[in-house]
Every structure is written in structure tokens, then in C-alpha cells.
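Only one structure is covered here, and it is reproduced in the block below.
There are 2 protein chains.
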Amino acid sequence: MARRSDTKSRILDLAEQLLQDRGWNGFSYQHIASKLGVKNAAIHYHYPTKSDLGVAILDRLRRRFQRWCDAIEAETDDFWEKLDAFFAIYQSYLADQGKICPAGALEAEFNALSDEMRRATRALVTVFHGWLTATLEAGRDRGACVFQGDPAEQAMLIGCTLQGSLQVARAWSPERFHETVRHLRKQMVPPTPPGKGAARPAGGRRRKAGASSKQGRRSGV
Amino acid sequence: MARRSDTKSRILDLAEQLLQDRGWNGFSYQHIASKLGVKNAAIHYHYPTKSDLGVAILDRLRRRFQRWCDAIEAETDDFWEKLDAFFAIYQSYLADQGKICPAGALEAEFNALSDEMRRATRALVTVFHGWLTATLEAGRDRGACVFQGDPAEQAMLIGCTLQGSLQVARAWSPERFHETVRHLRKQMVPPTPPGKGAARPAGGRRRKAGASSKQGRRSGV
DNA sequence: AGTTTTACTTATCAATCAGTAAGTTTGCAA
DNA sequence: TTGCAAACTTACTGATTGATAAGTAAAACT
Numbered sequence: 001m002a003r004r005s006d007t008k009s010r011i012l013d014l015a016e017q018l019l020q021d022r023g024w025n026g027f028s029y030q031h032i033a034s035k036l037g038v039k040n041a042a043i044h045y046h047y048p049t050k051s052d053l054g055v056a057i058l059d060r061l062r063r064r065f066q067r068w069c070d071a072i073e074a075e076t077d078d079f080w081e082k083l084d085a086f087f088a089i090y091q092s093y094l095a096d097q098g099k100i101c102p103a104g105a106l107e108a109e110f111n112a113l114s115d116e117m118r119r120a121t122r123a124l125v126t127v128f129h130g131w132l133t134a135t136l137e138a139g140r141d142r143g144a145c146v147f148q149g150d151p152a153e154q155a156m157l158i159g160c161t162l163q164g165s166l167q168v169a170r171a172w173s174p175e176r177f178h179e180t181v182r183h184l185r186k187q188m189v190p191p192t193p194p195g196k197g198a199a200r201p202a203g204g205r206r207r208k209a210g211a212s213s214k215q216g217r218r219s220g221v
Numbered sequence: 222m223a224r225r226s227d228t229k230s231r232i233l234d235l236a237e238q239l240l241q242d243r244g245w246n247g248f249s250y251q252h253i254a255s256k257l258g259v260k261n262a263a264i265h266y267h268y269p270t271k272s273d274l275g276v277a278i279l280d281r282l283r284r285r286f287q288r289w290c291d292a293i294e295a296e297t298d299d300f301w302e303k304l305d306a307f308f309a310i311y312q313s314y315l316a317d318q319g320k321i322c323p324a325g326a327l328e329a330e331f332n333a334l335s336d337e338m339r340r341a342t343r344a345l346v347t348v349f350h351g352w353l354t355a356t357l358e359a360g361r362d363r364g365a366c367v368f369q370g371d372p373a374e375q376a377m378l379i380g381c382t383l384q385g386s387l388q389v390a391r392a393w394s395p396e397r398f399h400e401t402v403r404h405l406r407k408q409m410v411p412p413t414p415p416g417k418g419a420a421r422p423a424g425g426r427r428r429k430a431g432a433s434s435k436q437g438r439r440s441g442v
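As they're listed, the protein sequences go chains D and V.
The numbering of the first sequence is the numbering used here, which starts it at 1 and goes up by one.
The numbering of the second sequence is the numbering used here, which starts it at 222 and goes up by one.
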């Protein structure tokens, strides 16, 4: 069979899953090949080395997140909707067999990675942190949230907590993750000015004009 | 040579270092053997399987931490001294070639571990979290610190942030870790009552009577 | 002094690892 | 219809993996 095969992207899907499940050195080309029903040489045809495969996963994750950023930006202006959508990425990881965040998995084995994979990991982390920082800054400027220090610090705190609690949830209980997210969230809700409405409006979020409100787009980043 | 050899504990030292450096599946018996100047069969003599070795590392870490708890309890009553001593554990990891916390390393590869190692990891995490929770509860009760929610939630937040930021520091910059710890710390300092002294006394911490104030005992947990 | 135990080494094992070279099938274009 | 390239398979490689059996030297015990 030739031309127009989706094997290449299915390899990436499986490798990404395995990375989040067992860690980078916890799976091999044989794992992917057998799950996919091909021979391991087929994997090497598409991704000559395992480092190439890793870089491809990371590049795709970065592009996917950038598309996610564009989509969320087009959909809403509301700070809490954006932040909850970000939390939902990690929540969907947990719900999907207790996967952890890919960046965290790779950072844990950082010194066993190739230079190229280290560079690609850095690039991914930078993009994630950049979005969080910008979102937090805008949120505080318009009074939607409160936190101490500068937005970059708070972004680091949130990112690390999410990454860490997905991991701890494995050794403990998934409920601990949700508890931690709620806790983190609560700390950022601005104190209700007496006589005004709820601190975080559950309804009546400001939607962008013309933005479709389709559901279920949230997960799978 | 026979009897009274320190090979067994030196194996544990090296394995622990390698775990924190390259992850559980990122090193082999050969790595330990060559660094130690013995043959890999010598490692198998002391730890028949790699799972045995892993459980031994985790058990030692747990015992070591329990001894650390006793020592800190004997030394000081001050909440911030205790918490800073806890932070110092992670800070010394980072300073030691950018190591990450062992529990985090194992959680990242959790599904590639043996049942025994998973159990031992759970046990270690439980002890860490237990100490943090108890310390936070006592600290808040006496007004030494502030935080929202219950102590267990805050303990989870702190633990996850420390674990996560050690990992992120690798893909980014070590300074990010210290920044995050300062940020985390700042959030818990009680607001200064006007007219009273500093929120957190830098000197004049209450020391336990008869507790030796020897320095440098802090790292190496 | 003799025996046992400890702490290894030597040598090897099958399994698995990432990776490659050479062939085979298939769809598409000229 | 032939030519060609894409997408594989077949069949390997050498290195490394965790692990084992058998042998050995020295210390410790009797």
C-alpha cells in the first residue's frame, strides 16, 4: 500500500500516549509497532531515530497548543473561561487513564534525552508559560482575578502545581488533583465587593460576538 | 574481601542519584557497576532485581525523612524555620546538578514500575504530605501563617509546586525555582498588624531549649 | 585449624533495544 | 504500459538490558 496513509500520525498518537503513560524510556518502537499492527521498521521509516519521534511529538504539541490559543481567543474574552479551559487540558489528561503532562514526563528524564529533544521541550514549556502569563496579566488588569507578585511568577506557580498534582494523583488519588485545582482557583477569585454580584459570574460571561459556542472542543490538547 | 563492606549503601547512593538525574528507566545496573568499579553481578548480589533496588531506595528515603522530622522537631518550634528547612531539601536537590525529587521521578514513570515500587512510592508520598499537613495546621493555629482551605489542600499545593518547579527548572532556568519558592512563601506570610513587629521575624525565632544550633545539617534528605 | 559465610568475579544467558539494508507491494503519473 | 516513488516487510545487526550459575578469595566463627 502506498500514498495517503495515516500511519505517520497514528505513530505520533500512540507515542504521545505511551510517553504520558510510561515515560520516555518506558516504551520502545516495538510497543508502538505491535499496537499499530506494523513492524518496527515501519516506525523507523517515518521517524528514523527515537529522538526524531520525540521532537515530532513536541513540535505537534506546540502547534496544537498554539491553535488552541487562537481558538480560545476567538471564543471568549472572559478570564475565568480561559483559565478553566486551560485547567480542562490537565483534567482531561487525568481522566484519560491518569496520564501526566508530556512536558513533565520529559523533564523528569531530561538528562537522558538528546539535545534536540531538550531544545524542543524548552520551546514547548516557553509557549505554555507565555500564554499563562499573558492571560493572568490581562485578567488582573481588568480585575477578574487577584494574586501576589507578577504574572510570570503566578503563571509558574499554576503551571508547576498542575504538572505536579497530575503526577502526585498517580501515587495517591485522582480526587487530590481536582481538590488542588479548586484550591488554586479559589485563591485567585477576587474578594466580593459588598453589594455587588457574585465574584465569578457563573452565567453571563462575556462572549465574543459571532463566536460559536460549540461544546466538547475543550479536551485533547 | 568480605564483611563490613559499604558497597551495599554505595549502590543505593548511586542509584538514588541516577534516579534523580536520568529517571528510573534512564539507568541500568551497568551504570552503577562501572561508576562503583565493580561488576554488575555484584549489584545483583545485594539487590537481586531492579525492583528490589527501587524499593530499598524508597524505604531509605522514607526512614531518612522520618529521622529528619524528628530532628527538626527537636531543634525548633518555629513554623517558618520548619517550612524553610523543608524548602531547603528541594533547594539542595536543585543545587546538586539539577536533580529532581525522587517521588516525582517515579510518579512520572509510574505505570512502568513494579507493584512493589508503586506501593513504596505511595508510602513515601504519604509521609511527606502528612508532615506538611501537620506543620501547616500547627502554624495556622498559632497564627504564624495564612492560607485558604484546609491544611491538607495547602500541603498538596506546596508539595506539587516544589515537585513541579524542580522539573520545570530543568527546561527553563534554576532561578525560576527560587522565584517560585519565594512567591509561594510570600503568599503565606500573615499580613502585618499595624504597630506590631515584622510579619516573619528574621531573628529571635523561638528555639527549643537545649537544641543545638549546628549548621549544614539541613541538606541531604 | 577447619568450616562456613560474605562478598564478590567470571562467564554467560535470553530478551529487548534502537537501527539498517534489501527486498516487495501498491498507487499514481507520464 | 511502463516507470517510479511511497509505504511498507523481511531479515537482520550489534549493543545493552536485567538476570543467573558457578567459581573464588578472604574474613569470621567454632
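Backbone N, C-alpha and C define an ideal beta-carbon position, used for all residues, glycine too.
Using the beta-carbon count (16 or more within 10 Å), is GLY418(V) buried or exposed?
Position 197 of the second sequence, counting from 1, holds the residue named residue 418(V). Because the pLDDT at GLY418(V) is just 46, under 50, the model does not fix this residue reliably, and the value given afterwards should be weighed accordingly. Per the 10 Å Cβ criterion, exposed.
Between GLY247(V) and GLU109(D), is the Cβ-Cβ spacing less than 8 Å?
As a working mapping, residue 247(V) is identified with position 26 in the second sequence. As a working mapping, residue 109(D) is identified with position 109 in the first sequence. Yes, the pair counts as a contact, with Cβ atoms nearer than the cut-off.
Let's see if you can read the secondary structure: which residues bound the alpha helix (DSSP H) around LYS99(D)?
Indexing the first sequence from 1 puts residue 99(D) at position 99. No alpha helix (DSSP H) contains LYS99(D), which DSSP labels as neither H nor E.
Report yes if the C-beta distance between GLN388(V) and GLY98(D) is below 8 Å; otherwise report no.
Sequence index remark: in the second sequence, residue 388(V) carries index 167 (1-based). Sequence index remark: in the first sequence, residue 98(D) carries index 98 (1-based). In this structure, GLY98(D) does not lie closer than 8 Å to GLN388(V) by Cβ.
Would HIS165(D) pass as an interface residue toward chain V - the criterion being a Cβ-Cβ separation below 8 Å?
As a first step, residue 165(D) must be located in the first sequence, where it is residue number 165. Sequence inspection shows Ser at residue 165(D); the His mentioned does not correspond to that position. Yes, SER165(D) lies at the interface with chain V (some Cβ there is under 8 Å from its Cβ).
Taking the alpha-carbon of GLN148(D) as reference, which of ALA263(V), THR270(V), ILE293(V) and VAL410(V) has the nearest alpha-carbon?
Numbered from its first residue, the first sequence carries residue 148(D) at position 148. The shortest C-alpha separation from GLN148(D) is found at VAL410(V).
Name the chain V residues that come within less than 7 Å of THR89(D), Cβ to Cβ?
By one-based count along the first sequence, residue 89(D) stands at place 89. Residue 89(D) is actually Ile in this sequence, not Thr. Neighbours of ILE89(D) on chain V: none; closest Cβ ~15 Å, over 7 Å.
By the DSSP assignment, the alpha helix (DSSP H) with GLU294(V) in it spans what residues?
Within the second sequence, numbered from 1, the residue matching residue 294(V) stands at position 73. First-last of the alpha helix (DSSP H) with GLU294(V): 271 to 296.
Assign LEU239(V) to buried or exposed, taking buried as 16 or more other Cβ atoms, counted over all protein chains shown, within 10 Å of its Cβ.
Against the second sequence, residue 239(V) aligns to sequence position 18. By the 10 Å Cβ count, LEU239(V) comes out buried.
What are the boundary residues of the alpha helix (DSSP H) that includes ASP6(D)?
Sequence index remark: in the first sequence, residue 6(D) carries index 6 (1-based). Note, ASP6(D): premise wrong, no alpha helix (DSSP H); not H, not E.
Work out the CA separation of PRO102(D) and ILE89(D) for me, nearest whole Å.
Against the first sequence, residue 89(D) aligns to sequence position 89. Against the first sequence, residue 102(D) aligns to sequence position 102. The alpha-carbon atoms of ILE89(D) and PRO102(D) are separated by roughly 12 Å.
According to DSSP, is ARG182(D) part of a helix, a strand, or is it coil?
Position 182 of the first sequence, counted from the start, is the residue given in the question as residue 182(D). Helix at ARG182(D).
What residue range is occupied by the uninterrupted alpha helix (DSSP H) comprising TRP352(V)?
Looking up residue 352(V) in the second sequence gives position 131. Note, TRP352(V): alpha helix (DSSP H), 336 to 362.
Given that THR121(D) touches chain V, what residues does it touch there, using C-beta distances under 7 Å?
Within the first sequence, the letter at position 121 stands for residue 121(D). Under the 7 Å cutoff, chain V gives ALA392.
Taking GLU374(V) as the reference, give the member of HIS129(D), PRO48(D), ALA134(D) and GLU179(D) with the closest Cα.
The residue labelled residue 374(V) in the question sits at position 153 within the second sequence. The option with the nearest alpha carbon to GLU374(V) is GLU179(D).
Since ASP242(V) meets chain D, which of its residues come closer than 7 Å, beta carbon to beta carbon?
As a working note, residue 242(V) is residue 21 in the second sequence. Ordered by position in chain D, the residues that pass the 7 Å Cβ test against ASP242(V) are ASN111.
Given that GLY275(V) touches chain D, what residues does it touch there, using C-beta distances under 7 Å?
As a first step, residue 275(V) is located in the second sequence; it is residue number 54 there, counting from the start. Those do not exist, as GLY275(V) stays about 14 Å from chain D at its closest Cβ, beyond 7 Å.
Under DSSP, the alpha helix (DSSP H) around GLU374(V) begins and ends at which residues?
The sequence position of residue 374(V) within the second sequence is 153, counting from 1. Counting along the chain, the alpha helix (DSSP H) containing GLU374(V) begins and ends at 372 to 392.
Please tell me whether LEU345(V) and ILE379(V) are closer than 8 Å, where the distance is taken between their beta carbons.
Within the second sequence, residue 345(V) is the residue found at index 124, counting from 1. Within the second sequence, residue 379(V) is the residue found at index 158, counting from 1. No, these two residues do not count as a Cβ contact at 8 Å.
In the structure shown, what three-state DSSP assignment does LYS39(D) receive?
Position 39 of the first sequence, counted from the start, is the residue given in the question as residue 39(D). Residue state, collapsed to three classes: coil.
Give me the Cα-Cα distance between TRP393(V) and GLY258(V), rounded to the nearest whole angstrom.
What you label residue 393(V) is simply residue 172 of the second sequence in a count that begins at 1. What you label residue 258(V) is simply residue 37 of the second sequence in a count that begins at 1. Spanning the two alpha carbons is a distance of roughly 34 Å.
Would you kindly check if the distance between the Cβ of ILE278(V) and the Cβ of GLU237(V) is under 8 Å?
Here residue 237(V) is taken as the residue at index 16 of the second sequence, counted from 1. Here residue 278(V) is taken as the residue at index 57 of the second sequence, counted from 1. In contact: GLU237(V) and ILE278(V) (Cβ atoms closer than 8 Å).
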